[in-house]
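Enquirer:
Residue numbers (the working numbering): 165 to 319.
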């Protein structure tokens, strides 16, 4: 059974698709539509439409305020820019968001996605924080470097 957050996410995704990659929404209107608090809409936007997932979020506050969500596709150069965005530490959730985006945009196939996701799991990286996030960041960067170097040589 899908949660309220899942329903709100699907609704916003449909608005973005109808707007060919861009949607302007008002939190209060969506909250009224789903009979929930505006904070629930804010939660969905911040957790499911993040830059790691390929979205740019702009907002204007006030009575006529809106939130503009823009889906941004990665170009090959931008895939490499992910490496610099990762930094020294990477949580499991952040790594999964990056991977999902790479898969959605066709930069990695389902098998590669599954292998990378398994390697980045907190169950595999059985050490405490913050060492685990440091290790995850290093492993993810190494995997992306290796994957895209091999892919480029094969082209």
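The beta-carbon is built from N, C-alpha and C at its ideal position, and this holds for glycine as well.
Short check: CB of residue 284 to CB of residue 259, under 9 angstroms?
Expert: It is a contact, given that the beta carbons lie within the stated cut-off.
Enquirer: Where residue 303 and residue 180 are concerned, what is the direct C-alpha to C-alpha distance, given to the nearest angstrom?
Expert: Distance between the alpha carbons of residue 303 and residue 180 is about 33 angstroms.
Enquirer: Under 9 angstroms, do residue 219 and residue 236 count as touching if we go by C-beta distance?
Expert: Contact: yes.
Enquirer: Output yes or no for whether 9 angstroms exceeds the beta carbon distance between residue 215 and residue 209.
Expert: Going by C-beta atoms, residue 215 is not nearer than 9 angstroms to residue 209.
Enquirer: Can you round the beta-carbon distance between residue 173 and residue 224 to whole angstroms, since I take them to be within the 8 angstroms contact cut?
Expert: The pair is not a contact, with the Cβ atoms about 22 angstroms apart (cut-off 8 angstroms).
Enquirer: In three-state terms, what does DSSP make of residue 293?
Expert: Here residue 293 sits in coil by DSSP.
Enquirer: From the DSSP output, in three-state form, read off residue 275 for me.
Expert: Note: residue 275 maps to helix in three-state DSSP.
Enquirer: Could you check if residue 275 is buried or exposed, using at least 16 other CB atoms within 10 Å of its CB as the buried criterion?
Expert: By the 10 Å Cβ count, residue 275 comes out exposed.
Enquirer: Cα separation between residue 189 and residue 197?
Expert: Each residue's alpha carbon lies about 12 angstroms from the other.
Enquirer: Looking only at its chain, what residues have a beta carbon closer than 7 angstroms to the beta carbon of residue 308, apart from the 5 residues adjacent to it on each side?
Expert: Cβ neighbours of residue 308 beyond the five flanking positions: 246, 247.
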